[in-house]
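Below is one structure, written out as structure tokens; the observations come after it.
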Amino acid sequence: MVKPERLASDLERIDSFLCPPKYTSPHVEARWKVMPEDFVVDECWRPETEEGEHHLLRIRKRLQNTQWVADSLATFSGVRQVDIGFFGLKDRQAVTTQWFSVYLGKREAPDWRTWELDGCEVLHIGRYPRKLRRGDHVGNDFRITLRDIPKSAPVEEAVEVALDQVRLEGFPNYFGAQRFGFDHGNLTQFELIYCQSPERSGGDTRDDPARTGKRGRARGGKGKGRRVNPMYVSAARAHLFNCLLASRQQAGVARSVIDGDEPLLAEDNAHGPIGILPGGPVRSEASSQLSASDILRQEAWGDYTGWLEALHSLGERDTPRALWMTPTDMSWHWHDGSLVVCFGLPPGAYASVALSQVAHLIQDARPRNETTSIQ
Numbered sequence: 016m017v018k019p020e021r022l023a024s025d026l027e028r029i030d031s032f033l034c035p036p037k038y039t040s041p042h043v044e045a046r047w048k049v050m051p052e053d054f055v056v057d058e059c060w061r062p063e064t065e066e067g068e069h070h071l072l073r074i075r076k077r078l079q080n081t082q083w084v085a086d087s088l089a090t091f092s093g094v095r096q097v098d099i100g101f102f103g104l105k106d107r108q109a110v111t112t113q114w115f116s117v118y119l120g121k122r123e124a125p126d127w128r129t130w131e132l133d134g135c136e137v138l139h140i141g142r143y144p145r146k147l148r149r150g151d152h153v154g155n156d157f158r159i160t161l162r163d164i165p166k167s168a169p170v171e172e173a174v175e176v177a178l179d180q181v182r183l184e185g186f187p188n189y190f191g192a193q194r195f196g197f198d199h200g201n202l203t204q205f206e207l208i209y210c211q212s213p214e215r216s217g218g219d220t221r222d223d224p225a226r227t228g229k230r231g232r233a234r235g236g237k238g239k240g241r242r243v244n245p246m247y248v249s250a251a252r253a254h255l256f257n258c259l260l261a262s263r264q265q266a267g268v269a270r271s272v273i274d275g276d277e278p279l280l281a282e283d284n285a286h287g288p289i290g291i292l293p294g295g296p297v298r299s300e301a302s303s304q305l306s307a308s309d310i311l312r313q314e315a316w317g318d319y320t321g322w323l324e325a326l327h328s329l330g331e332r333d334t335p336r337a338l339w340m341t342p343t344d345m346s347w348h349w350h351d352g353s354l355v356v357c358f359g360l361p362p363g364a365y366a367s368v369a370l371s372q373v374a375h376l377i378q379d380a381r382p383r384n385e386t387t388s389i390q
């Protein structure tokens, strides 16, 4: 188990790179997501063909989360939830446009124009040869309104300087707080379920539906047959990545390629080296045999051995993720005392993290049982 004080220290260290605006002076606060129209997201993707056995829908939703829409489509068309595909989860407290695929097999296609769900509108109906998979789209375009920024020339100037710095230099590619649940509860659940022996956790929890969630899934590897709650597992991996990025920032090499780093791909709109979403044990060779990148990983993950072993036993594998990200087509303007910011990001990058470099974002409290989804 990770000592509570180590986890708290790491979370505080990560917040130090997120909460205090990096470029702004004086300190600036802004309210965001006051209303759904303050957070507009459009998926960037165009189907290369309009033929195939999957029905393709482009849907605009307001005050609905992605899974609710997918469940409604499954019920309407009489298929299983697994027959519905989409590129990623989008926030509920927003106006978002995204694509869904529906596999009907030999079932007769319903009239999609008659499908109804509060706050939703079908914008396009077509066909596609395969199921849409997570992260397979080009990215997401954002239009975000920040409200109640103090009205003064020094504040506006500081905000615009910060925005220009993000536009030119990018931002640290942390996972946002949305990934971890209320009060980081997803991390607590991961450790409780997967990092304790059955004796210490009160019994064998591997197949307990209450602990796996209704969409838990089995994985191979050492933990073959074990049920997995993907929300908790992805939160643990995201936290470990954030720890690594914080260590790199602390060492001054978050944007520098050092010995042992993976090379960037030419098509990546990343701005710096590639990090790792971990899925296995940290390397244990003698320090003299480790690269500079490996040493930083050891420092970041040294107290998380149990987490890494659990991830490996669940069949996870190391996955590359950029440490630094540059938004595309970034622009902004002031409107009726609010700031409207537009930019694009690839799948998995967080708009909230980009804007945390500009202002301290304040959002009204939400019900604890509401899932804030991945951007």
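Numbers given in this note's numbering equal positions in the sequence shown, counted from 1, plus 15. From the three backbone atoms N, C-alpha and C, an ideal C-beta is built for every residue, glycine too.
Own chain partners of Arg230 with C-beta closer than 6 Å, once the 5 adjacent residues on each side are dropped
Unreliable positioning characterises Arg230 in this predicted model, as indicated by a pLDDT of 46, which lies under 50. A coordinate reading is not provided.
Report the rounded CA-to-CA distance for Lys18 versus Gln82, giving the unit in angstroms.
When rounded, the distance between both Cα atoms is 34 Å.
Pull up the CB-CB distance for Gly67 and Arg149, whole angstroms please, since I reckon it's below 8 Å.
Under the criterion of beta carbons closer than 8 Å, Gly67 and Arg149 do not qualify as touching, at roughly 19 Å.
Is DSSP giving Glu206 helix, strand or coil here?
The answer is helix: DSSP assigns Glu206 an H, G or I state.
Strictly by DSSP, which residues pair up with Glu66?
Residue pairing by DSSP places Glu66 in no beta bridge whatsoever.
Cα-Cα separation between Glu136 and Pro51, rounded to whole angstroms:
For Glu136 and Pro51, the distance between alpha carbons rounds to 15 Å.
For Ser353, the nearest candidate out of Val174, Arg162, Trp322 (CA to CA)
The shortest C-alpha to C-alpha distance from Ser353 to any of Val174, Arg162, Trp322 is the one to Arg162.
Return the residue from the list Ala109, Phe190, Thr320 that minimises the CA-CA distance to Gly294.
Selected option, being the one with the closest Cα: Thr320.
Lys76 versus Ala85 - alpha carbon distance:
The C-alpha of Lys76 lies about 12 Å from the C-alpha of Ala85.
Going by DSSP, what residues sit across from Tyr143 in a beta bridge?
Answer is His69.
Does DSSP put Met345 in a helix, in a strand, or in coil?
In the displayed model, Met345 falls within a strand according to three-state DSSP.
Ignore the nearest five residues each way along the sequence and tell me which others in Met345's own chain have a CB closer than 6 Å to its CB.
Closer than 6 Å at Cβ, skipping near neighbours: Arg182, Phe358.
Measure the Cβ-Cβ separation of Asn157 and Ala253 and say whether it is below 8 Å.
A quick correction: the sequence has Phe, not Asn, at residue 157. Inclusion of Phe157 and Ala253 in the CB contact set at 8 Å is not warranted, their separation being larger than that value.
Whose CA, out of Asp276, Gln79, Ile273, lies closest to the CA of Glu131?
Nearest option by C-alpha distance: Gln79.
Cα-Cα, which of Arg107, Pro125, Phe102, Trp339 is closest to Gly134?
Taking each of Arg107, Pro125, Phe102, Trp339 in turn and checking the Cα distance to Gly134, the smallest one comes out for Arg107.
According to DSSP, Leu292 sits in a beta bridge with which residue or residues?
DSSP, once it has assigned bridges, lists Thr334 as partnering Leu292.
Going by beta carbon distance, what residues of the same chain come within less than 7 Å of Asn257, once the five residues before and after it are set aside?
Ile29, Tyr189, Phe190.
Would you call Leu370 buried or exposed, if buried means 16 or more other Cβ atoms sit within 10 Å of its Cβ?
So Leu370 ends up on the buried side.
Local conformation of Ala281 per DSSP, three classes
Note that Ala281 scores a pLDDT of 46, beneath 50, so its modelled location is shaky; the value from the coordinates is reported in the next line. Under the three-state reduction of DSSP output, Ala281 falls in the coil class, being neither helix nor strand.
Could you tell me the distance, in whole angstroms, from the CA atom of Gln113 to the CA atom of Leu255?
Inter-residue distance for Gln113 and Leu255 is about 29 Å (C-alpha atoms, whole angstroms).
From what residue to what residue does the beta strand (DSSP E) around Leu305 run?
Secondary structure note for Leu305: it is in no beta strand (DSSP E), with a DSSP letter that is neither H nor E.
Is there a Cβ from chain C that is less than 8 Å from the Cβ of Arg95?
In the structure shown, chain C does not exist; there is a single protein chain.
Using 8 Å as the threshold, is the C-beta distance between Leu305 and Trp316 below it?
With contacts defined as CB atoms closer than 8 Å, Leu305 and Trp316 fail to qualify as a contacting pair.
For Val97, count neighbouring C-beta atoms within 10 Å of its own C-beta (all shown protein chains included) and say buried if the count is 16 or more, exposed if not.
Result: exposed.
For the alpha helix (DSSP H) containing His327, list its first residue and its last residue.
Element bounds for His327: 320-328.
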